[in-house]
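Trainee: Take a look at the following structure, please.
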Amino acid sequence: MEKENIVELKNISVAFDGEQVLDGLNLEIKDKEFITLLGPSGCGKTTTLRLIAGFLEPDSGDVLFGGEKINGVPAYKRQVNTIFQRYALFPHLNVYENIAFGLRVKKRPEKEIKEKVAEMLRLVNLTGLEKRHIDTLSGGQQQRVAIARAIANHPKVLLLDEPLAALDLKLRKDMQKELKKIQEQLGITFIFVTHDQEEALTMSDRVVVMDGGKIQQVGSPQDIYNEPQNAFVADFIGESNIVDGKMLRDYYVEFSGQKFDCLDKGFNENELVDVVVRPEDVDIVSPEKGMLKGQVTSVAFLGVHYEIIVDIGGFKWMIQTTDEHFVGDNVGLFIEPDAIHIMKKSEYSGLYGDYSSYSEEMDEMNEMAEEAAE
Amino acid sequence: MKTSLGKRLLNAPCAVWSAIFIIVPLFIVLYYTFLDKDGGFTLSNIYELAQYKGVFITSIIYALVATAICLLLAYPFAYFLTKTSVSSQKMMVLLVMLPMWMNLLIKTYSWTVILDNNGVLNRLLNLIGFGSVKLMGTPGAVILGMVYDYIPYMILPIYTTISKIDNSLLEAAEDLGSNAFSKLKRVVLPLSLPGVLSGITMVFVPSISTFYISQKLGNGMILLVGDIIETQFKIPNYPLGASMSLVLMIFIIISIAIMNKFGDSDSGGVMI
Chain Y
28 MEKENIVELK NISVAFDGEQ VLDGLNLEIK DKEFITLLGP SGCGKTTTLR
78 LIAGFLEPDS GDVLFGGEKI NGVPAYKRQV NTIFQRYALF PHLNVYENIA
128 FGLRVKKRPE KEIKEKVAEM LRLVNLTGLE KRHIDTLSGG QQQRVAIARA
178 IANHPKVLLL DEPLAALDLK LRKDMQKELK KIQEQLGITF IFVTHDQEEA
228 LTMSDRVVVM DGGKIQQVGS PQDIYNEPQN AFVADFIGES NIVDGKMLRD
278 YYVEFSGQKF DCLDKGFNEN ELVDVVVRPE DVDIVSPEKG MLKGQVTSVA
328 FLGVHYEIIV DIGGFKWMIQ TTDEHFVGDN VGLFIEPDAI HIMKKSEYSG
378 LYGDYSSYSE EMDEMNEMAE EAAE
Chain G
1271 MKTSLGKRLL NAPCAVWSAI FIIVPLFIVL YYTFLDKDGG FTLSNIYELA
1321 QYKGVFITSI IYALVATAIC LLLAYPFAYF LTKTSVSSQK MMVLLVMLPM
1371 WMNLLIKTYS WTVILDNNGV LNRLLNLIGF GSVKLMGTPG AVILGMVYDY
1421 IPYMILPIYT TISKIDNSLL EAAEDLGSNA FSKLKRVVLP LSLPGVLSGI
1471 TMVFVPSIST FYISQKLGNG MILLVGDIIE TQFKIPNYPL GASMSLVLMI
1521 FIIISIAIMN KFGDSDSGGV MI
């Protein structure tokens, strides 16, 4: 049974001071799903959330809620609630009054408010803290109050703007599980914004990867990870070696000067493509047995595995393996056909996937240092 | 922990200053309060104050009315000011502060030029055929003077506290169903309370002790505590003047204490 769309964004464009923040965005969000907007800062994910909340109106395009256009409907009339990045709890009210805020605004009877707040406090495990002042709470407790305050109003859609960003790693993992549990328990739609790809993959039914005000890919976490549509998605979700390749024919690709069997088809003969190989899918073997040959240039021990950088004809590959290797070793790489994923060329081709360094910023710094040395 | 010699030396000028200009004068006031005509101890100056009960009450009423008007004008002004662009906020704050840099006597005196029987306002009224209205020497003129002189001290602390309110709190309130009015009532008002309280204090205190405004704009028809105190020191009847000052001071201290009790001491604002 196909679920209905609860929120639809149609051809949305938003610009701030002449800068295009969202560019012709289309998105359908299904009822009761956990959907995550994922992207680097400035990609437009928070702007998208604010459009749905009603804090922002699109320059063009429509926002639909339950099939009805809600452009121009003020935030306080929308059946959505938001959990803000820094929680935005009311400092002049205690825990109880914070959670009761929405109900008081709606003039619900005192008895109902009391029951509802008690129920919410149970849901987020804060029973007993009713009278506490907001600034005496820990970050995690404040987070829970924010959740309780939002869902006490029975929203049809809950918007979460990087709600876990301020928590430390372990607490964040606990809260991820708890949010997921709450979402399943209440059966409401969660629209979650984050720049943390791991968070997106663990929590979501569907992930929307955004960059530059555009949606790059929408799909299940598995789809996004295993079948990235372009170099941006491949690089942003997990680690990827992305090399230039040429599709010789269906199921047969050439890259790094070698020819490989693969599982992809549907490209033109000799079409230039981006080839993605995940670091964990590469085996390091002896140089004679390797399909590609190179030299180890760096080894880092990360606990679960080693992260090894291998220089193959000037291109730095990242390989994750549990076997130890040493800098200077000559090694061969062995790649199974199902480890190779082929993508069409895009505007992002050539920007990502070489592990000379991990970030663009580092690349720029290196370039500047080289220039200075000349 | 022992304070180092250097720190104590740094503190010394401040201590000397407050000793000479605050503590000592207070004791002088106290001394004169209980001084009789022959230089002995007496309580008669305090008893004598009973006949000025009416003046004290008038002063309190005038100060309360002026403070209330200031609050009613300043709050909406400050609130809507925070909604305008940053550049116009800066401009308006400057305009509000501008009169504060001018001498109070000059500002008050300027009003006599406007309100006088042959003043600017009455000439204007005559011109359009309304005839003269007696403005000087009325309670309205005195209140006007107080409001005009002290309203910046109400606007600024309120403006500061409102503009410090995190915008995400307003969005949160809206998100939870608050329309503009409910946002104002449930979030902006309670969070700007410290500013309101310090504004009230900063207007009420000078209003209750003023003498120049009532003299100039009241034409001597309206007597406030400040006027009586001034007269006593001119006569001179130092003991009576001192005892009135002392009572006024105690009253002000009690009012400030009550105000501070209202606002949570930790909630910021500009307390004097």
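From first to last, the protein sequence lines stand for chains Y and G.
Residue 28 is where the first sequence starts when you use the working numbering, and the numbers rise one by one after that.
Residue 1271 is where the second sequence starts when you use the working numbering, and the numbers rise one by one after that.
Where is the CB? At the ideal position from N, CA and C, for every residue including glycine.
Note that the structure is predicted; figures quoted are calculated from it, not measured.
Assuming LEU1440 (chain G) contacts LYS1453 (chain G) under a Cβ cut-off of 8 Å, what Cβ separation, rounded to an integer in Å, is found between them?
Mentor: To locate residue 1440 (chain G), count along the second sequence from 1; it is residue 170. To locate residue 1453 (chain G), count along the second sequence from 1; it is residue 183. With 8 Å as the limit, LEU1440 (chain G) and LYS1453 (chain G) qualify as a contact, their Cβ atoms being about 6 Å apart.
Trainee: If you measure from the beta carbon of ASN1449 (chain G) to each beta carbon in chain Y, is any gap under 8 Å?
Mentor: Counting from 1 along the second sequence, the entry for residue 1449 (chain G) is found at position 179. By this cut-off, ASN1449 (chain G) is an interface position.
Trainee: 8 Å is my cut-off, CB to CB: does ALA102 (chain Y) come that close to chain G?
Mentor: If you number the first sequence from 1, residue 102 (chain Y) lands on position 75. For ALA102 (chain Y), the answer is yes, since a Cβ of chain G falls inside 8 Å of its Cβ.
Trainee: Looking at chain G, is there any beta carbon in it that lies within less than 8 Å of the beta carbon of MET28 (chain Y)?
Mentor: The residue you call residue 28 (chain Y) lines up with position 1 of the first sequence. With a pLDDT of only 45 at MET28 (chain Y), under 50, the local geometry of the prediction cannot be trusted, and the value read off the model is given with reservation. Chain G contact via Cβ: absent.
Trainee: Is DSSP giving TYR1482 (chain G) helix, strand or coil here?
Mentor: Against the second sequence, residue 1482 (chain G) aligns to sequence position 212. Helix, per DSSP.
Trainee: Residues of chain G with a CB under 7 Å from the CB of PRO119 (chain Y): which are they?
Mentor: The residue given as residue 119 (chain Y) occupies position 92 in the first sequence. Just to set this straight, residue 119 (chain Y) is His in the shown sequence, not Pro. Going along chain G in sequence order, the residues near HIS119 (chain Y) (Cβ under 7 Å) are PRO1460 and LEU1461.
Trainee: What does ILE336 (chain Y) pair with, by DSSP beta-bridge criteria?
Mentor: For the purposes of this step, residue 336 (chain Y) is identified with residue 309 of the first sequence, where counting begins at 1. BP columns for ILE336 (chain Y) point to Y:SER325 and Y:MET345.
Trainee: Given that a residue counts as buried once 16 or more other Cβ atoms are within 10 Å of its Cβ, and exposed if not, what is PRO1295 (chain G)?
Mentor: Working through the second sequence from its first residue, we reach residue 1295 (chain G) at position 25. PRO1295 (chain G) should be labelled exposed.
Trainee: Runs of 4 residues minimum, wholly inside the segment 163 to 238 of chain Y: which ones carry the alpha helix (DSSP H) assignment?
Mentor: Here the runs fully enclosed are 166 to 178, 196 to 213 and 224 to 230.
Trainee: In its own chain, which residues sit with a C-beta less than 6 Å from the C-beta of GLU298 (chain Y), not counting the 5 before and 5 after it?
Mentor: Locating residue 298 (chain Y) in the first sequence gives position 271, where the first residue counts as 1. Correct list, in chain order: MET274.
Trainee: Please report the residue range of the beta strand (DSSP E) in which ARG276 (chain Y) lies.
Mentor: Residue 276 (chain Y) sits at position 249 when you count from the first residue of the first sequence. Taken as a continuous stretch (DSSP letters only), the beta strand (DSSP E) holding ARG276 (chain Y) covers 268 to 276.
Trainee: Rounding to the nearest angstrom, what Cα-Cα distance links GLU46 (chain Y) and ILE335 (chain Y) in this structure?
Mentor: The count along the first sequence starts at 1 and reaches residue 46 (chain Y) at position 19. The count along the first sequence starts at 1 and reaches residue 335 (chain Y) at position 308. About 40 Å.
Trainee: Could one say the Cβ of ALA1338 (chain G) lies closer than 8 Å to chain Y's Cβ atoms, at least one of them?
Mentor: Position 68 of the second sequence, counting from 1, holds the residue named residue 1338 (chain G). No, its Cβ sits nowhere closer than 8 Å to a Cβ of chain Y.
Trainee: Mind pulling the chain Y residues with CB within less than 7 Å of GLU1318 (chain G)?
Mentor: For the purposes of this step, residue 1318 (chain G) is identified with residue 48 of the second sequence, where counting begins at 1. Simply none; closest approach about 47 Å.
Trainee: If we cut at 8 Å on Cβ distances, does GLY129 (chain Y) have a partner in chain G?
Mentor: Translated into positions along the first sequence, residue 129 (chain Y) becomes position 102. Yes, GLY129 (chain Y) lies at the interface with chain G (some Cβ there is under 8 Å from its Cβ).
Trainee: Classify LEU1446 (chain G) as helix, strand or coil using the three-state DSSP reduction.
Mentor: The residue given as residue 1446 (chain G) occupies position 176 in the second sequence. DSSP places LEU1446 (chain G) in coil when its eight states are reduced to three.
Trainee: Taking Cβ positions only, does LYS158 (chain Y) come closer than 8 Å to chain G?
Mentor: As a working note, residue 158 (chain Y) is residue 131 in the first sequence. With 8 Å as the cut-off, LYS158 (chain Y) does not count as an interface residue toward chain G.
Trainee: Chain Y beta carbons: is any one of them nearer than 8 Å to that of GLY1539 (chain G)?
Mentor: Indexing the second sequence from 1 puts residue 1539 (chain G) at position 269. Since pLDDT at GLY1539 (chain G) reaches only 42, below the 50 mark, its modelled position is unreliable, and the value read off the structure follows with that caveat. Chain Y, which has no Cβ nearer than 8 Å to the Cβ of GLY1539 (chain G), makes this no.
Trainee: Are the segment 1299 to 1319 of chain G and the segment 1442 to 1453 of chain G touching by the rule of at least three beta carbon pairs closer than 8 Å?
Mentor: They do not touch, by the three-pair rule.
Trainee: With a cut-off of 8 Å, does the C-beta of VAL1466 (chain G) fall near any C-beta of chain Y?
Mentor: Against the second sequence, residue 1466 (chain G) aligns to sequence position 196. False, the Cβ-Cβ gap to chain Y never drops below 8 Å.
Trainee: For LEU83 (chain Y), I'd like the list of residues in its chain whose CB is within less than 6 Å of its CB, leaving aside the five on either flank, ordered along the chain.
Mentor: Within the first sequence, numbered from 1, the residue matching residue 83 (chain Y) stands at position 56. These residues qualify, in order along the chain: ARG77.
Trainee: Bridge partners of ILE369 (chain Y), per DSSP?
Mentor: Taking the first residue of the first sequence as 1, we reach residue 369 (chain Y) at position 342. ILE369 (chain Y) is bridged to Y:VAL302.
Trainee: Taking only three categories from DSSP, how would you classify PHE82 (chain Y)?
Mentor: Position 55 of the first sequence, counting from 1, holds the residue named residue 82 (chain Y). Of the three classes helix, strand and coil, the one that applies to PHE82 (chain Y) here is coil, per DSSP.
Trainee: Along the segment 69 to 103 of chain Y, what residues have a CB closer than 9 Å to any CB found in chain G?
Mentor: Cβ contacts with chain G come from ARG77, ALA80, GLY81, PHE82, PRO101, ALA102 and TYR103.
Trainee: Out of G:THR1471, G:PRO1427, G:VAL1299 and G:PHE1481, which one is the CA nearest neighbour of MET1367 (chain G)?
Mentor: Numbered from its first residue, the second sequence carries residue 1367 (chain G) at position 97. Here the closest residue by C-alpha is G:PRO1427.
Trainee: In chain Y, what lies closer than 7 Å to SER1452 (chain G) by C-beta?
Mentor: Along the second sequence, read from residue 1 onward, the residue named residue 1452 (chain G) stands at position 182. Ordered by position in chain Y, the residues that pass the 7 Å Cβ test against SER1452 (chain G) are VAL132.
Trainee: List, in order along the chain, the chain Y residues whose C-beta lies closer than 9 Å to that of SER1438 (chain G)?
Mentor: The count along the second sequence starts at 1 and reaches residue 1438 (chain G) at position 168. PHE111, GLN112, ARG113, TYR114 and ALA115, listed in chain order.
Trainee: My output table needs one value for ILE242 (chain Y): the three-state DSSP class, helix, strand or coil.
Mentor: The count along the first sequence starts at 1 and reaches residue 242 (chain Y) at position 215. Reduced to three states, the DSSP call for ILE242 (chain Y) is strand.
Trainee: Can you find a CB in chain Y that lies within less than 8 Å of the CB of GLU1544 (chain G)?
Mentor: The first residue shown for chain G is 1271 and the last is 1542, placing residue 1544 (chain G) beyond what the model contains.
Trainee: Rank Y:ILE110, Y:VAL34, Y:ILE140 and Y:VAL122 by C-alpha distance to the C-alpha of LEU91 (chain Y) and give the top, closest one.
Mentor: Here the question's residue 91 (chain Y) lines up with position 64 in the first sequence. When each option's Cα is compared against that of LEU91 (chain Y), the closest is Y:VAL34.
Trainee: Rounded to whole angstroms, what is the Cα-Cα separation between ILE332 (chain Y) and GLY239 (chain Y)?
Mentor: Looking up residue 332 (chain Y) in the first sequence gives position 305. Looking up residue 239 (chain Y) in the first sequence gives position 212. Position check: residue 332 (chain Y) holds His in this sequence, whereas Ile was assumed. Cα to Cα, the separation comes out at about 34 Å.
Trainee: What in chain Y is Cβ-close to VAL1544 (chain G), meaning under 7 Å?
Mentor: Only positions 1271 to 1542 of chain G appear in this structure, which leaves residue 1544 (chain G) out of reach.
Trainee: Is the number of C-beta pairs between the segment 289 to 297 of chain Y and the segment 361 to 376 of chain Y that are closer than 8 Å three or more?
Mentor: Cβ pair count under 8 Å is three or more, so yes.
Trainee: In chain G, which residues lie with their C-beta within 8 Å of the C-beta of ASN180 (chain Y)?
Mentor: Taking the first residue of the first sequence as position 1, residue 180 (chain Y) is located at position 153. Those are LEU1446 and GLY1447, listed as they occur along chain G.
Trainee: For GLU1500 (chain G), go through chain Y and note every residue whose CB falls closer than 7 Å to its CB, in chain order.
Mentor: On the second sequence, position 230 is the one that residue 1500 (chain G) refers to. Near GLU1500 (chain G) there are no residues of chain Y at all, since even the closest Cβ is about 43 Å away, more than 7 Å.
Trainee: When the Cα atoms are used, what is the spatial distance from SER1525 (chain G) to LEU1467 (chain G)?
Mentor: Translated into positions along the second sequence, residue 1525 (chain G) becomes position 255. Translated into positions along the second sequence, residue 1467 (chain G) becomes position 197. The straight-line gap from Cα to Cα measures roughly 11 Å.
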